[in-house]
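>
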Amino acid sequence: MVFRFSINGKALSSLTLDEIFSEIRKRDPTISPYLKKSILRNKLRELLEQDLKNKNINNSNKRPLSDDEDSDEDSDDEKDDKNIEDNFEKSLDRLILKFKNKRMKYEKENSKKCLKLYKKVKKQFKISTILYPSLSIKETDEFIKFMVIKVIENDLGYHDDDHNKIKLLPPPSIESYWKKMVNNSVQYKEFLKIIGKEIHFKLPKQIYKEKVKHHSYLREKYEHTLKLYSNYFPESSIIHLNKKNNESIWPLNYLSPSYSDADSSSDSDSSSDSSSDSSSKEEEEEELEEESNISPPITSPPINIFSTCFGSFSSSSSCGSSSVSSSASSTPCSSPLISRPILRSNSITALGSNKTIDIIIESKTENLYCRVPIKQNFSEIIKSFSKRHPNFKYYYYNNQVYNSDTPKSLDMDDDDIIEAREEVAENLQKEIVQEKEGTF
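Per full-length UniProt numbering, the sequence shown starts with residue 1, numbered consecutively.
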């Protein structure tokens, strides 16, 4: 027989959660109060039945429970459970809204910091138009914005080997701009001093270079960069056209399938236009390379004339020999770090190669411009420069450059800079240490 119990004249189904737990605590304080209301009600019913068995008391309030009342009590339990679920969902929505508001507040504060830092850097930093005549003002502005976002997001590239930890990826034009800035160590140090952080030149692209299967991985980082750009610079338009080639500085389809398809289609069009000549050119190149392996080139200088504030220098090779001539400038130079190239024609090439690049050798006193084939080693350049500076060593991205290195082996581009550093002080320091240790 099923009994119907009541507490103070109220049926169990009519009791509130607090009333049910109050009655339970009187009988068994070990029961957890965090259970569902229906479970607590069943616990109370069990305790009341246990009381009846122990005391053998005929309670006047008990009577057989009809099927209708039993179904009503079950429906009440279902309603209570539904109310609990609704309340949980509402509390979860309120919590999500709270976190969303905090995130919006955080982004708003970062946006103010970003704009403030951008205005400061733009006002104080001036790019050298003599060293970089090809860089536009718009590219400089977008480069500053990208670097400011890296500072705000703390994406400074301190990780030595793990390129996966790099959060942001610049577009091709900004990447090229950044590379030129890093090559000019003096101006890049000036830029970092203004921005207030040391930002290492490190890209996630370097570890996955020319691997198509990782384009989606890089595309995600680029999309994340575009999103941050829109958040921090809401009044700026991402679609800035570069006047040189009428293309966007921030291409929206960069690293997407359509972008790679466009590149491949343009390459196929250009190759189809010159298909008749390409095979013959390749054969000529192979023959020239074979000849160059047998004997050194006799004509065509690998280094062209360049000019500095101290004079002009030229170097040429003939059967392995080299000559250097210099003439002192009669007028003093106001800025020893600025020089003017004399020959910059793209028509000049070297024997055995169809492509040459312009590079800059930069020291604290002068900059030297020269043009070399991409497969020509740096022995002539280093030899020419070392005649006036015998204690110098040469570095590209903080990696020492040796005579056997070539622009192709170092993956160099036009207007890249090789930094010439004087090693006298370092050698003296080593000698002092060796003398103290008794090994000198």
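Note that beta-carbon positions come from the ideal geometry of N, C-alpha and C, so glycine has one too.
#1: Residue 182: which of 174, 201, 170 sits nearest, CA to CA?
#2: Check the DSSP bridge columns for residue 233 and list the partner residues they point to.
#3: State the DSSP-derived secondary structure class of residue 248, mapped to helix, strand or coil.
#4: Grab me the residues of residue 415's own chain with a C-beta within less than 7 angstroms of its C-beta, minus the 5 sequence neighbours each way, in chain order.
#5: To which residues of the same chain is residue 113 closer than 8 angstroms at the C-beta, ignoring the five residues directly before and after it?
#6: Is it the case that the segment 368-375 contacts the segment 389-397, given that we only count it when at least three CB pairs across the two stretches are under 8 angstroms?
#7: For a test of the three-state rule: what should DSSP assign to residue 397, helix, strand or coil?
#8: Please return the same chain residues whose Cβ sits closer than 8 angstroms to the Cβ of residue 20, not counting the five positions on each side in sequence.
#9: Alpha carbon to alpha carbon, how far is residue 191 from residue 185? Give it in angstroms, no decimals.
#10: Per DSSP, what kind of secondary structure is residue 368 in: helix, strand or coil?
#11: Cβ of residue 418 within 8 angstroms of Cβ of residue 401?
#12: Let me know the secondary structure DSSP gives residue 51 once reduced to three states.
#13: Put residue 257 into one of helix, strand or coil per three-state DSSP.
#14: Going by DSSP in three states, residue 89 sits in which element: helix, strand or coil?
#15: Can you give me the C-alpha to C-alpha distance between residue 189 and residue 255, rounded to a whole angstrom?
#16: Given residue 228, which residues of its chain have a CB within under 7 angstroms of its CB, disregarding the five upstream and five downstream residues?
#17: Taking all protein chains shown into account, do 16 or more other C-beta atoms lie within 10 angstroms of the C-beta of residue 377, making it buried, or fewer, making it exposed?
#18: Determine the DSSP secondary structure at residue 10, reduced to helix, strand or coil.
#19: Can you grab the Cα-Cα spacing for the pair residue 147 / residue 111, in whole Å?
#20: What span of residues does the alpha helix (DSSP H) with residue 141 cover, start to end?
#21: Within 10 angstroms of its Cβ, does residue 407 collect 16 or more other Cβ (buried), or is it exposed?
#22: Which residues bound the alpha helix (DSSP H) around residue 419?
#23: So is residue 143 buried or exposed if we call it buried at 16+ other beta carbons inside 10 Å?
#24: Which residue from 177, 382, 420 puts its Cα closest to that of residue 366?
#25: As a quick exercise: from 388, 7, 155, pick the residue whose alpha carbon is nearest that of residue 166.
#26: With distances taken between CB atoms, is the gap from residue 392 to residue 422 smaller than 8 angstroms?
#27: If we call anything under 8 angstroms between Cβ atoms a contact, is residue 47 one with residue 18?
#28: Rounded to whole angstroms, what's the CA-CA distance from residue 388 to residue 382? Just pull it up for me.
#29: Please report the straight-line C-alpha distance between residue 390 and residue 198, rounded to a whole angstrom.
#30: Restricting to Cα atoms, I'd like to know which of 404, 249, 15 is closest to residue 138.
#31: Would you list the residues sitting across from residue 392 in a DSSP beta bridge?
#32: Going by DSSP, what residue range makes up the beta strand (DSSP E) through residue 360?
#33: Identify the residues that DSSP records as bridge partners of residue 373: which are they?
#34: What is the DSSP secondary structure of residue 450, counted as helix, strand or coil?
#35: Going by alpha carbons, who is nearest to residue 193 out of 88, 176, 120?
#36: Is DSSP giving residue 222 helix, strand or coil here?
Taking the structure as given:
#1: The count along the sequence shown starts at 1 and reaches residue 182 at position 182. Cα-wise, what sits closest to residue 182 is 201.
#2: Here residue 233 is taken as the residue at index 233 of the sequence shown, counted from 1. Partner(s): none; residue 233 has no beta bridge.
#3: Counting from 1 along the sequence shown, the entry for residue 248 is found at position 248. Residue state, collapsed to three classes: strand.
#4: Locating residue 415 in the sequence shown gives position 415, where the first residue counts as 1. Same-chain partners within the cutoff: 180, 358, 360.
#5: Mapped onto the sequence shown, residue 113 falls at position 113. Excluding positions up to five away in sequence, the list reads 152.
#6: Taking one beta carbon from each stretch, the segment 389-397 and the segment 368-375 have fewer than 3 pairs nearer than 8 angstroms; the two do not touch.
#7: Residue mapping note: residue 397 aligns to position 397 of the sequence shown, counting from 1. Of the three classes helix, strand and coil, the one that applies to residue 397 here is coil, per DSSP.
#8: Position 20 of the sequence shown holds residue 20. Correct list, in chain order: 12, 37, 40, 41, 44.
#9: Walking along the sequence shown from the start, residue 185 turns up at place 185. Walking along the sequence shown from the start, residue 191 turns up at place 191. Cα to Cα, the separation comes out at about 10 angstroms.
#10: Within the sequence shown, residue 368 is the residue found at index 368, counting from 1. Residue state, collapsed to three classes: strand.
#11: As a position in the sequence shown, residue 418 is number 418, starting the count at 1. As a position in the sequence shown, residue 401 is number 401, starting the count at 1. Closer than 8 angstroms, so yes.
#12: Numbered from its first residue, the sequence shown carries residue 51 at position 51. Looking at residue 51 - three-state DSSP - the assignment turns out to be helix.
#13: The sequence position of residue 257 within the sequence shown is 257, counting from 1. The answer is helix: DSSP assigns residue 257 an H, G or I state.
#14: Position 89 of the sequence shown, counting from 1, holds the residue named residue 89. In the structure shown, residue 89 sits in a helix (DSSP, three-state: H, G or I).
#15: In the sequence shown, counting from the first residue as 1, residue 189 sits at position 189. In the sequence shown, counting from the first residue as 1, residue 255 sits at position 255. Residue 189 and residue 255: Cα-Cα distance of roughly 31 angstroms.
#16: As a position in the sequence shown, residue 228 is number 228, starting the count at 1. Within the same chain, residue 228 has close Cβ partners 149, 153.
#17: Here residue 377 is taken as the residue at index 377 of the sequence shown, counted from 1. It counts as buried.
#18: By one-based count along the sequence shown, residue 10 stands at place 10. Three-state result, residue 10: strand.
#19: Position 147 of the sequence shown, counted from the start, is the residue given in the question as residue 147. Position 111 of the sequence shown, counted from the start, is the residue given in the question as residue 111. Cα-Cα distance, rounded: 14 angstroms.
#20: Position 141 of the sequence shown, counted from the first residue, corresponds to residue 141. Its alpha helix (DSSP H) spans residues 137-152.
#21: If you number the sequence shown from 1, residue 407 lands on position 407. By the Cβ-count criterion, residue 407 is buried, with 16 or more other Cβ atoms from all chains shown falling within 10 Å of its own Cβ.
#22: As a position in the sequence shown, residue 419 is number 419, starting the count at 1. Residue 419 -> not in any alpha helix (DSSP H); beta strand (DSSP E) instead, spanning 416-422.
#23: Sequence index remark: in the sequence shown, residue 143 carries index 143 (1-based). The C-beta of residue 143 has 16 or more other C-beta atoms within 10 Å across all chains shown, which makes the residue buried.
#24: As a first step, residue 366 is located in the sequence shown; it is residue number 366 there, counting from the start. Checking every option, the nearest Cα to that of residue 366 belongs to 420.
#25: The residue labelled residue 166 in the question sits at position 166 within the sequence shown. Checked all of 388, 7, 155; the closest Cα to residue 166 is 155.
#26: Locating residue 392 in the sequence shown gives position 392, where the first residue counts as 1. Locating residue 422 in the sequence shown gives position 422, where the first residue counts as 1. Yes, these two residues count as a Cβ contact at 8 angstroms.
#27: One-based indexing of the sequence shown puts residue 47 at position 47. One-based indexing of the sequence shown puts residue 18 at position 18. Not closer than 8 angstroms, so no.
#28: Residue 388 sits at position 388 when you count from the first residue of the sequence shown. Residue 382 sits at position 382 when you count from the first residue of the sequence shown. If you take the alpha carbons of residue 388 and residue 382, they lie about 10 angstroms apart.
#29: Counting from 1 along the sequence shown, the entry for residue 390 is found at position 390. Counting from 1 along the sequence shown, the entry for residue 198 is found at position 198. Straight across, the Cα-Cα distance linking residue 390 with residue 198 is about 32 angstroms.
#30: The residue given as residue 138 occupies position 138 in the sequence shown. Relative to the Cα of residue 138, the nearest Cα in the group 404, 249, 15 belongs to 249.
#31: Taking the first residue of the sequence shown as position 1, residue 392 is located at position 392. Paired residue(s): 422.
#32: Residue mapping note: residue 360 aligns to position 360 of the sequence shown, counting from 1. Taken as a continuous stretch (DSSP letters only), the beta strand (DSSP E) holding residue 360 covers 356-362.
#33: Within the sequence shown, residue 373 is the residue found at index 373, counting from 1. For residue 373, DSSP records a beta bridge to 356.
#34: This structure leaves residue 450 out entirely; the chain is present only between 1 and 440.
#35: Mapped onto the sequence shown, residue 193 falls at position 193. Cα-wise, what sits closest to residue 193 is 120.
#36: The count along the sequence shown starts at 1 and reaches residue 222 at position 222. Helix at residue 222.
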